[in-house]
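Here the structure comes first, spelled out in structure tokens, and everything after it is commentary.
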Amino acid sequence: MSQHDDTTIEPHHQPAEEVRSFYRIRFRDDGQEYTASAFMADLKRGDTVMIKTDHGLEPARVYGPAPADPEGAVNRAVSCEISRRPTSDEENRYLNLASHEQDASAVCERLIDKHDLVMRLINVEKFFNGSKMIFYFTADNRVDFRALVKDLVQEFRTRVEMRQVGVRHETKMIGGVGICGRELCCSSFMKKFDSVSIKMAKEQDLPLNPAKISGVCNRLLCCLTYEYDIYRKQRKGMPKVGRKIKIGSEIYRVKRQNPLQQSLVVGTSEGEERLLSKEEWGAGELLPSDKSPKRNGKRPSSAPDTDETGKNGADNTNARTS
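Numbering (the working numbering), first residue to last: 2 to 323.
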């Protein structure tokens, strides 16, 4: 007689794949906003979470979901990772952390006056685990703060670091509102400072008035870098200011470029101005440069007729040539 196995084999269910969510978080209510990832989809604005950092877990506040990323969640760059929710004790300690940092700032200010140091305290950061305190300051000259550090260590019984910052980082920490009426870029979303030059303002035809192109820190506006590459790309191939274009029987001289519209403002022989679209000036004939006088029996080489970038990356742009 055959023997039958009555054992029932249950189908194997793969565990549901965890979905990664992205949130906007801040370690301090007046601090910079970061994008954090988590395998928790139920976090809402105002929730406290614990973030993995190089020096342990740090509490932070959720400010809502992060904007959608066109690159997709798989390759999305995040600043930090949410580990878990805090315990009730961690929540209470986090609520008191800001007041502890304010108290530490007041103590440091008093000790700075005591030692007659020429420096300005900007901010105090206390690690959540209490292992270290960082005092950020600015100073015009070198400061001998060894005695100050000794007093601070004795006062707080922890490691103390004095960190000097420049005016741009000072503005980033303090925060504020720019001339555009919005929160400063550096204190709201910028992770690093890019190099900014007056050339970027010239390339975008901005007025070279220091009051117009300088930020709260009295340095060139960081936002000058945002569209600089676009303007350079759009100018490439456009006739330079001062060049002559022949369209039909008319000859025009370029007076201004509109890179974003790819149009030109030209002057007519009657002294009037006319706007030429890309199709119009593209169909015209770019006339040779005016003859330059000879020097030492040799004629200097002429500049390119259109805005170009050198082979080695050197910028030959000269939109203001007349």
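For every residue, glycine included, the Cβ atom is placed at its ideal position computed from N, Cα and C.
The segment 30–38 makes contact with the segment 58–69; the number of CB pairs closer than 8 angstroms reaches 3 or more. Contact holds between the segment 188–199 and the segment 217–227, because three or more Cβ pairs, one in each stretch, are under 8 angstroms apart. Only residues of its own chain outside the window of five on either side were considered, and among them Met120, Arg121, Ile123, Gln165, Val166, Gly167, Val168, Glu171 have a CB closer than 8 angstroms to the CB of Thr139, listed in chain order. Per DSSP, Tyr24 is one residue of the beta strand (DSSP E) stretching across 22–27. Rounded to whole angstroms, Ser264 and Met191 show a C-alpha spacing of 33 angstroms. Rounded to the nearest whole angstrom, the C-alpha separation of Pro66 and Arg183 is 21 angstroms. Here Glu204 is buried. Its C-beta has 16 or more other C-beta atoms within 10 Å. If you draw a 10 Å sphere on the C-beta of Gly216, you find 16 or more other C-beta atoms in it, and that means buried. Distance from the Cα of Pro260 is smallest, within the candidate group Gly272, Lys173, Ile231, for Ile231. Note: Met174 is not bridge-paired with any residue in the DSSP secondary-structure output.
Ala140 carries a coil assignment under DSSP once its states are collapsed to helix, strand and coil.
Counted as a single uninterrupted DSSP element, the stretch harbouring Met120 is not any beta strand (DSSP E), since DSSP gives it neither H nor E. With a cutoff of 7 angstroms on beta-carbon distance, Ala39 and Ile83 are scored as near each other. Just so you know, the alpha carbons of Lys245 and Arg275 end up roughly 13 angstroms apart. Apart from the 5 residues on each side of it in sequence, Leu288 sits with its Cβ closer than 8 angstroms to the Cβ of Arg244, Lys245, Ile246, Lys247, Ile252 in its chain, given in chain order. Rounded to the nearest angstrom, the Cβ distance from Val242 to Arg257 is 7 angstroms, consistent with a contact under 8 angstroms. Residue environment for Lys151: exposed (fewer than 16 other C-beta atoms within 10 angstroms of its C-beta).
Excluding five sequence positions before and after Arg25, the CB atoms of its chain that fall closer than 6 angstroms to its own CB belong to Glu34, Tyr64, Gly65, Ala67, given in chain order.
Shown here, Pro66 sits in a strand according to DSSP, grouped into three states. Less than 7 angstroms divides the Cβ of Glu92 from the Cβ of Thr49.
CA-CA distance, Lys115 to Pro208, rounds to 47 angstroms. Here Arg111 is actually not in contact with Ser132; their C-beta atoms are around 24 angstroms apart, not less than 8 angstroms. Counting of Cβ neighbours within 10 angstroms places Gly285 among the buried residues, the total reaching 16 or more.
Collapsing the DSSP output to three states places Met191 in coil. Inclusion of Ala37 and Cys81 in the CB contact set at 7 angstroms is warranted, their separation being smaller than that value. In the DSSP annotation of this structure, the continuous segment of the alpha helix (DSSP H) that includes Met201 starts and ends at 199–204. The DSSP-derived three-state label of Tyr227 is coil.
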